[in-house]
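According to numbering that gives the first Met the number 0, the residues represented by the sequence shown are 0 to 200, in order.
Heads up, the beta-carbon is just placed ideally off N, CA and C, and yes, glycines get one too.
The structure displayed is predicted, hence computed values, not measured ones.
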Amino acid sequence: MRFCKFIKNKHGNLYKRKNLILYNIKNNIPNPLLDNNSVIFYKFSQKNSNICENFFKISLKSKINNCFSYLLNLKNLIQWNYFIYQILENSNKEMFILHLYLNLKNYHIIELLLPMTIVCYEKNKFIEFQNIEKFGMPICGRLYFTKQNKNTNIHIYIKYPLPYYFEEMKISAEHFALIIHEMLEKNIYKLIEILEKKNNI
0 MRFCKFIKNK HGNLYKRKNL ILYNIKNNIP NPLLDNNSVI FYKFSQKNSN ICENFFKISL
60 KSKINNCFSY LLNLKNLIQW NYFIYQILEN SNKEMFILHL YLNLKNYHII ELLLPMTIVC
120 YEKNKFIEFQ NIEKFGMPIC GRLYFTKQNK NTNIHIYIKY PLPYYFEEMK ISAEHFALII
180 HEMLEKNIYK LIEILEKKNN I
């Protein structure tokens, strides 16, 4: 069943359905629900050689506690990731479902479901997240925080399989990871802006 079938979208509103809470995006992204066609991924490559990885290191003028607290709350992902259309949160706040539309250059608009749970963390040191559900895109990652004088360094690592759609197109995991890296860079700049503003409040 398509994820978008059981949710009505009205920007700026919050909806509850059963044990889920919907947080709508405020970004103006291409919306396949309106007038665009998308490719929705259900299958991913099973080959070890088709594992994609992305790594970022950012240094910003913000207190480490502010950075950690902000990133520990997965609802905040919607504030700095423009490709997130909406986020569903279960009532016990242990699992979030990210509904993504990726508008990649030279490809169809890509639709993804990304269940995400924080599986482990230590305050002001690290956060580990993973898809522990049996649906959606498999993914895991880690955020690691260090202090450098008055600055905070954040190391971001993400690991995920190549979508089968791209495997059929003979696109390598390295090439797909590079596409995602370039897309995520824009979001990282937004994250830095948000966290540095919080430091001045």
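Worksheet item: Going by C-alpha distance, which of I178, N198, E195 is nearest S101?
Response: Here residue 101 is Leu; the residue named in the question, Ser, does not match the sequence. Selected option, being the one with the closest Cα: I178.
Discussion item. Considering only DSSP beta bridges, list what P114 is partnered with.
Written reply: I96
Practice prompt. Name, in chain order, the residues that DSSP records as bridge partners for H220.
Written response: Nothing can be reported for residue 220: it is not among the residues displayed for the chain, which extend from 0 to 200.
Item to complete: Verify whether the separation of the beta carbon atoms of I83 and L97 is less than 7 Å.
Response: yes
Worksheet item: In chain order, what residues of the same chain have a beta carbon less than 6 Å from the beta carbon of G135, not counting five sequence neighbours either side?
Response: L112, L113, P114
Worksheet item: Excluding sequence positions up to five away, which residues of its chain have a Cβ less than 8 Å from the Cβ of K42?
Response: P162, Y163, Y164
Worksheet item: Are N152 and F67 close, meaning C-beta to C-beta below 7 Å?
Response: no
Item to complete: Determine the direct distance from the alpha carbon of Y81 to that of I170, and round the result to whole angstroms.
Response: 25 Å
Fill in: Delimiting residues of the alpha helix (DSSP H) encompassing Q78
76-79
Discussion item. Tell me the rounded alpha-carbon separation between P137 and F128.
Written reply: 11 Å
Discussion item. Do N53 and A176 count as a contact pair if the criterion is CB distance below 7 Å?
Written reply: yes
Worksheet entry | 8 Å contact criterion, which L190 and N65 should meet: CB distance rounded | Not really, about 12 Å apart at Cβ, beyond 8 Å.
Worksheet item: From N105, E93, Y69, pick the residue whose C-alpha is nearest to that of V118; which is it?
Response: E93
Worksheet entry | Residue from K46, Q45, I50 whose Cα sits closest to the Cα of I157 | I50
Worksheet item: Measuring CA to CA, which of E173, M168, K197, Y188 is closest to Y106?
Response: M168
Discussion item. My output table needs one value for N89: the three-state DSSP class, helix, strand or coil.
Written reply: strand
Worksheet item: Roughly how many angstroms separate the alpha carbons of Y74 and S58, rounded to a whole number?
Response: According to the sequence shown, residue 74 is Lys rather than Tyr. Going by the C-alpha atoms only, they are around 22 Å apart.
Discussion item. DSSP three-state label for K7, please.
Written reply: Reliability of the predicted coordinates at K7 is poor, the pLDDT of 29 falling under 50, and the value obtained from them is presented with this limitation in mind. In the structure shown, K7 sits in coil (DSSP, three-state: anything other than H, G, I, E or B).
Worksheet item: Near C139, which residues of its chain fall below 6 Å by C-beta distance, leaving aside the five closest residues on each side in sequence?
Response: Q129, K158
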